[in-house]
Amino acid sequence: MSDSGDGVNEEELSQIFTRGHSSKGEGRGYGLANVKEVLDELGGWIEVANQKEGGAIFTVYIPKGTKGE
């Protein structure tokens, strides 16, 4: 997933998946931390980077389950 906004500042990049960290005054900092936790349990991953042309890009890998999972 990507956008064409301002991107994520460098300090945010290192904290973005930390539980309780939020860049928004009204946020609680659970959203991306929960996503990462679930993906970790499934053997997947999520990463974020800034694009040279502007904006941020989130890459998510969700492993394919086997039959019965």
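When you line the sequence shown up against full-length UniProt numbering, it's residues 1 to 69, in that order.
Beta carbons are placed, not taken as given, at the ideal position from N, Cα and C, and that holds for glycine.
Item: Beta carbon of Gly-44 nearer than 8 Å to that of Gly-7; Value: no
Item: CA-to-CA distance, Asn-34 to Tyr-61, given in whole angstroms; Value: 15 Å
Item: Cβ neighbours of Asn-9 in the same chain (closer than 6 Å, five flanking residues each side left out); Value: none
Item: Counterpart residues of Thr-59 in DSSP-defined beta bridges; Value: Glu-47
Item: Contacts around Gln-15, its chain only, beta-carbon distance under 6 Å, and the 5 residues preceding and following it disregarded; Value: His-21
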